[in-house]
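Residue numbers for the sequence shown, in UniProt numbering: 1 to 127. Just so you know, even glycine gets a beta-carbon here, dropped at the ideal spot from N, CA and C. What follows is a set of notes on a single structure, which appears directly below.
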Amino acid sequence: GKNTEEWARNLKLKDFELLCLDDTRKPVTEAKNCHLAIAPNHAVVSRTDKVEVLQQVLLDQQVQFGRNGQRCPGEFCLFQSKTKNLLFNDNTECLAKIPGKTTSEKYLGKDTPGSLRFSYPVKTLSK
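This is how it looks when you write it as structure tokens:
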């Protein structure tokens, strides 16, 4: 792979697997058969039933590890990485809630790949 960290230097695509919604595991090359969607890099997308928990976890982590976080840069930083854009884009300033019950289509636009709107309802990080 491209990661130069010692632990990841020799990892190959076959060394990874997807944990699918039906509790099966599939090779990364079978993402379409695993009911997973590719989300744009400027948004966190979640299943409707996980929005509130995910929102709270991410905002709590931002307090600890965000740009001005209590434990960044000492331990870990959400928005900085040795390898480019590891978790979030390295230029990210902070995470922000979006208004109300904004849907993925409304927030991300109608041109968002259809994979974001498959059989499981998807909603962006909002209440």
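In this structure, what does DSSP give as the bridge partners for P27?
-> P27 is bridged to E17.
When the Cα of V44 is compared with those of G109, A96, G100, which residue comes out closest?
-> Measuring from the Cα of V44, the nearest candidate turns out to be A96.
If we count the other Cβ atoms within 10 Å of its Cβ and call it buried at 16 or more, is L11 buried or exposed?
-> Using a 10 angstroms sphere on the CB of L11, the tally of other CB atoms stays under 16, which defines it as exposed.
With a threshold of 16 other CB atoms inside 10 Å of the CB of G69, please say whether the residue is buried or exposed.
-> G69 is buried by the Cβ-count criterion.
Pick out whichever of E6, T103, K2, L78 has its Cα sitting closest to the Cα of T92.
-> Selected option, being the one with the closest Cα: L78.
Excluding the five sequence neighbours on either side, which residues of its own chain have a C-beta within less than 8 angstroms of the C-beta of E5, listed in chain order?
-> Answer for E5: K82, T83, listed in chain order.
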